[in-house]
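Here's the structure, in structure tokens; my notes come after.
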Amino acid sequence: MGGFRAVEDRPTPKEVYNWRLYTEATVIATGSLLFGYDSAFVGTTIARDSFKLDFNIQPDESADISSNITSTFQAGAFFGAIFCFLLTEKVGRKWALQANVVLFLIGAILMTAATHQLSYIYAGRALTGIACGAITATVPSYIAELSIVSIRGILTGLFEVAYQIGSLIGFWINYGINQNMDPTSAASWRVPMAVQIAPAGVLFIGGFFLHESPLWLMRKDREEDATRALESLRKLPRDHKYLQEDLDMIRSRLADEALVASKYGSGSWAFFRGALTELTRKGMWNRVLLVFCSFALQNMSGAAAINYYSPTLFGSLGISDVALYTGIYGLVKAVASIIFYGALIDMWGRRNPTIISSAMCSACLWIVGAYVKIGHPATIIADGKELSPSTAAGGKAATAMIMIYSVFWSFGLNGIPWIVSAEIFPGALRTLTGTYAACVQWVTQFAITKALPYIFKSFGYGTWFFFACWMIIAAIWAFFFLPETKGKTLEEMDVMFGYVHDRAPVHDDIIKTVSKASAIEHSEERV
1 MGGFRAVEDR PTPKEVYNWR LYTEATVIAT GSLLFGYDSA FVGTTIARDS FKLDFNIQPD
61 ESADISSNIT STFQAGAFFG AIFCFLLTEK VGRKWALQAN VVLFLIGAIL MTAATHQLSY
121 IYAGRALTGI ACGAITATVP SYIAELSIVS IRGILTGLFE VAYQIGSLIG FWINYGINQN
181 MDPTSAASWR VPMAVQIAPA GVLFIGGFFL HESPLWLMRK DREEDATRAL ESLRKLPRDH
241 KYLQEDLDMI RSRLADEALV ASKYGSGSWA FFRGALTELT RKGMWNRVLL VFCSFALQNM
301 SGAAAINYYS PTLFGSLGIS DVALYTGIYG LVKAVASIIF YGALIDMWGR RNPTIISSAM
361 CSACLWIVGA YVKIGHPATI IADGKELSPS TAAGGKAATA MIMIYSVFWS FGLNGIPWIV
421 SAEIFPGALR TLTGTYAACV QWVTQFAITK ALPYIFKSFG YGTWFFFACW MIIAAIWAFF
481 FLPETKGKTL EEMDVMFGYV HDRAPVHDDI IKTVSKASAI EHSEERV
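Written out as structure tokens, the structure reads:
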């Protein structure tokens, strides 16, 4: 991402910066909003007394049920990411996205309409999880394949922006319900469940007007359809040099994919086998390990835990109005993320922000844990007593540390694993590596969200120290093992990771040739 500016790889006609391209990218990014909303609303919603009453949840089983409801989503998302890899190859990105939106709508309706039976909640969570897992594996690639090179970073950055907007809505919807609705009413938990339907409906309707990925169309030997899609997306005639160069780049990408599959024949299964073989080679397997570590550490940072279990964690600080403070937390995190990924990511890079972010997040969590250990605010409030002035002041300081944590978290492992995983692999392998990254993200998030209620119950204040230790590990890992990938070409990546080519990478050579030829022709026209 290059901030809010176009970084042109070649002379670019102004027609390509058009409303249709921006609109379609925004509609597709709405899929990320669904994921963001879910990560924020569910923890507070299922902690409501009205929800526990309607589903007859007893105090001694509350932690188990909360863990199951939360982790069912992540488990579904893991399988959704794999399922989408297979579905997309068959029907394309457009219809794969539509199919998963339908799945999401069914799940959201099941949860909203559930009455006294948790099986409907579990089924709904599983379906929305499958859909969101598939969507996270689809949206960034879909946007990138429709976009032009000069603003690809900006448009794919809409994935993170939409996620943060969804998260923000999820945090604040619960605050609005607390302020304006009867907390004992079933509507207090049904409304946030139902809100999921609105953005999914927008995405479903908007999906009919999207263009299919030109890359997928060319892969299916539908060059005429791909050309028509590019004509509409670029607002250029089919014989325009820029559009023809786009087609040449797609052809070269497909040539690279064919070379990957060549040892095993042709077709999707041959490509899958060839890609797996390529990823086990020296200089590739260490990239695979890097992606695993980055997403594992992302989920061990505590951020997802704070999202899903904010009532419990903020309550441990002695905060009574947890909905307000989770809303503020979401707002701070969203603003910081949008600023960083919109304007600063290519200025600051990937490695240094991750090191600094992880170290500062760890410091914040140590302070929060120390306050909970020394002050015992939750116990004092549970006994019906008032906090002493010093304990109350400590609570404000601990709350401030959580907000500072959210700022530094936004600059580090929040989004950098997604960026690095997209940057370090050759284009011909990204169909598979994108799915792999999504699967790692979901399986590690499943593990931590499933375990957190038990961790919190067993460790108490030590939960904060637990996450603080993992953030120290993340800082050390980033210092020694995370290379700086900002601005690196794929050839430079190969040198950095120790990869030796059996052949020249077709795709990269074609891009360089196209860019050079365009620049020469453009300079001749000016003369």
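Here full-length UniProt numbering is used: the first residue of the sequence shown is 1, the next is one more, and so on.
The beta carbon of each residue, even a glycine, is placed where N, CA and C say it ideally should be.
1) Flag this pair as yes or no: are the beta carbons of V139 and I338 separated by less than 7 Å?
2) Sorted by chain position, which residues of the same chain lie with C-beta nearer than 7 Å to I448's C-beta, five sequence neighbours on each side aside?
3) Is there contact between the stretch 205-224 and the stretch 91-106, where contact requires at least three CB pairs shorter than 8 Å?
4) By a C-beta neighbour count over all protein chains shown, 10 Å radius and 16 as the cutoff for buried, is K333 buried or exposed?
5) Using the C-alpha atoms, what's the distance from G460 back to T227?
6) Closest by CA to R351, which one among S147, A393, L290, F271?
7) Determine the DSSP secondary structure at R251, reduced to helix, strand or coil.
8) Using a Cβ-Cβ cutoff of less than 7 Å, which residues in the same chain neighbour A323 once the five nearest sequence positions on both sides are dropped?
9) Am I right that G31 and L297 are in contact with their C-beta atoms under 8 Å? What's the rounded C-beta distance?
10) Just curious, the alpha helix (DSSP H) that I339 is in, first and last residue?
11) What would DSSP say about G267, mapped onto helix, strand or coil?
12) Spatial neighbours of P505 within its chain, please: C-beta separation below 7 Å, excluding the five flanking residues on both sides.
13) Can you tell me where the alpha helix (DSSP H) with T12 in it begins and where it stops?
14) What residues in its chain sit with their C-beta under 6 Å from that of P13, if we drop five residues either side in the sequence?
15) Thinking C-alpha only, which one of G107, P453, F481 is nearest S67?
16) Of all the options G330, W172, Q117, which has the alpha carbon lying nearest to the alpha carbon of V195?
17) Less than 7 Å between the C-beta atoms of R190 and T112, yes or no?
18) Among residues of its own chain, excluding the 5 on either side of L21, which ones have a beta-carbon nearer than 6 Å to its beta-carbon?
19) Applying the 10 Å Cβ sphere with the 16-neighbour rule, what's the burial state of G265?
20) If you draw a straight line from the C-alpha of G369 to the C-alpha of W464, how long is it?
21) Can you tell me which of I151, A451, A422, A474 puts its alpha carbon nearest to the alpha carbon of K488?
22) Quick check on H211: buried or exposed, where buried means 16 or more other Cβ atoms within 10 Å of its Cβ?
23) Express the C-alpha separation of Y499 and M284 in angstroms, rounding to a whole number.
24) Could you tell me the distance, in whole angstroms, from the CA atom of I319 to the CA atom of A451?
25) Nearest CA to the CA of I473: which residue from F446, T354, G207, A131?
26) Hey, quick one: how far does the alpha helix (DSSP H) through Y371 stretch, first residue to last?
27) Look at the alpha carbon of M493 and the alpha carbon of I143, and state the distance between them as a whole number of angstroms.
28) Do you know offhand how far L317's Cα is from T379's?
29) If you count every other CB in all the chains shown that lies within 10 Å of the CB of W19, and 16 or more means buried, which is it?
30) Just checking, does the stretch 76-89 make contact with the stretch 434-449 on the three C-beta pairs under 8 Å criterion?
31) Between I197 and A114, how many whole angstroms is the CB-CB distance? I'm expecting something under 8 Å.
32) Got a sec? Which residues, its chain only, sit under 8 Å from P199 by beta carbon, not counting five neighbours each side?
33) Please identify the residue among D248, I65, G462, S71 whose C-alpha is closest to the C-alpha of T444.
34) Can you name, in chain order, every residue of its own chain whose Cβ lies under 8 Å from the Cβ of K282, other than the five neighbours on each side?
35) Kindly indicate which residue of L53, Y122, N286 has the alpha-carbon position closest to the one of L482.
36) Which residues bound the alpha helix (DSSP H) around K52?
In short, the structure shows the following:
1) Numbered from its first residue, the sequence shown carries residue 139 at position 139. Numbered from its first residue, the sequence shown carries residue 338 at position 338. Not closer than 7 Å, so no.
2) Stepping through the sequence shown from its first residue, residue 448 is reached at position 448. N299, M300, A304, A305, listed in sequence order.
3) The stretch 205-224, when compared against the stretch 91-106, does touch it at the 8 Å Cβ threshold.
4) Here residue 333 corresponds to residue number 333 of the sequence shown, with the count starting at 1. Taking every protein chain shown into account, the CB of K333 has 16 or more other CB atoms within 10 angstroms, so this residue is buried.
5) For the purposes of this step, residue 227 is identified with residue 227 of the sequence shown, where counting begins at 1. For the purposes of this step, residue 460 is identified with residue 460 of the sequence shown, where counting begins at 1. Cα-Cα distance, rounded: 60 Å.
6) Residue numbering aside, residue 351 sits at position 351 when the sequence shown is read from its first letter. Nearest option by C-alpha distance: L290.
7) Position 251 of the sequence shown, counted from the start, is the residue given in the question as residue 251. R251: helix per DSSP, three-state reduction.
8) Mapped onto the sequence shown, residue 323 falls at position 323. Around A323, the same chain offers T44, N174, Y175, N178 as residues with beta carbons nearer than 7 Å, after the five sequence neighbours per side are excluded.
9) The count along the sequence shown starts at 1 and reaches residue 31 at position 31. The count along the sequence shown starts at 1 and reaches residue 297 at position 297. Here G31 is actually not in contact with L297; their C-beta atoms are around 25 Å apart, not less than 8 Å.
10) Start at 1 with the first residue of the sequence shown, and residue 339 comes out as number 339. Per DSSP, I339 belongs to the alpha helix (DSSP H) from 322-339.
11) Here the question's residue 267 lines up with position 267 in the sequence shown. DSSP places G267 in coil when its eight states are reduced to three.
12) Locating residue 505 in the sequence shown gives position 505, counting from the first residue. Confidence at P505 is low in this model, with a pLDDT of 47, below 50, so its placement is unreliable and the value that follows should be read with caution. In its chain, beyond the 5 residues on either side, D256, P426, L490 have a beta carbon closer than 7 Å to the beta carbon of P505.
13) On the sequence shown, position 12 is the one that residue 12 refers to. Segment: none, T12 is in no alpha helix (DSSP H) and carries neither H nor E.
14) If you number the sequence shown from 1, residue 13 lands on position 13. For P13, the CB contacts under 6 Å within the same chain, skipping 5 residues up- and downstream, are Y242 in chain order.
15) Here residue 67 corresponds to residue number 67 of the sequence shown, with the count starting at 1. If we check each option's Cα against that of S67, P453 comes out closest.
16) Position 195 of the sequence shown, counting from 1, holds the residue named residue 195. Among G330, W172, Q117, the Cα nearest to that of V195 is on W172.
17) For this step, residue 190 is matched to residue 190 along the sequence shown. For this step, residue 112 is matched to residue 112 along the sequence shown. With respect to T112, R190 sits close: the two C-beta atoms are nearer than 7 Å.
18) Along the sequence shown, read from residue 1 onward, the residue named residue 21 stands at position 21. So the qualifying residues of the chain are L233.
19) Reading the sequence shown from its first residue, position 265 is the one you call residue 265. Counting other Cβ atoms within 10 Å of its Cβ, G265 stays below 16 and is therefore classed as exposed.
20) Start at 1 with the first residue of the sequence shown, and residue 369 comes out as number 369. Start at 1 with the first residue of the sequence shown, and residue 464 comes out as number 464. Cα to Cα, the separation comes out at about 5 Å.
21) The residue labelled residue 488 in the question sits at position 488 within the sequence shown. The option with the nearest alpha carbon to K488 is A422.
22) By one-based count along the sequence shown, residue 211 stands at place 211. Classification for H211: buried.
23) Against the sequence shown, residue 284 aligns to sequence position 284. Against the sequence shown, residue 499 aligns to sequence position 499. Distance between the alpha carbons of M284 and Y499: 7 Å.
24) Looking up residue 319 in the sequence shown gives position 319. Looking up residue 451 in the sequence shown gives position 451. Whole-angstrom Cα-Cα distance: 23 Å.
25) Locating residue 473 in the sequence shown gives position 473, where the first residue counts as 1. The candidate whose alpha carbon is nearest that of I473 is T354.
26) Indexing the sequence shown from 1 puts residue 371 at position 371. Y371 -> alpha helix (DSSP H) spans 351-375.
27) Position 493 of the sequence shown, counting from 1, holds the residue named residue 493. Position 143 of the sequence shown, counting from 1, holds the residue named residue 143. So the two alpha carbons sit approximately 24 Å from each other.
28) Translated into the one-based positions of the sequence shown, residue 317 becomes position 317. Translated into the one-based positions of the sequence shown, residue 379 becomes position 379. Their Cα atoms are separated by approximately 10 Å.
29) To locate residue 19, count along the sequence shown from 1; it is residue 19. Of the residues assessed, W19 falls on the exposed side of the cut-off, its CB having fewer than 16 other CB atoms within 10 angstroms.
30) Yes, the stretch 76-89 is in contact with the stretch 434-449.
31) Indexing the sequence shown from 1 puts residue 197 at position 197. Indexing the sequence shown from 1 puts residue 114 at position 114. Incorrect: roughly 14 Å between the Cβ atoms, too far for contact.
32) The residue labelled residue 199 in the question sits at position 199 within the sequence shown. T30, L33, L34, Y37, G166, listed in sequence order.
33) Numbered from 1 along the sequence shown, position 444 holds the residue referred to as residue 444. Ranking the options by Cα distance to T444, first place goes to S71.
34) The sequence position of residue 282 within the sequence shown is 282, counting from 1. Cβ contact annotation for K282 (same chain, cutoff 8 Å, sequence separation greater than five): G498, Y499, V500, in chain order.
35) Sequence index remark: in the sequence shown, residue 482 carries index 482 (1-based). Closest by alpha carbon: N286.
36) Residue 52 sits at position 52 when you count from the first residue of the sequence shown. Boundaries of the alpha helix (DSSP H) harbouring K52: 49-54, taken from the DSSP string.
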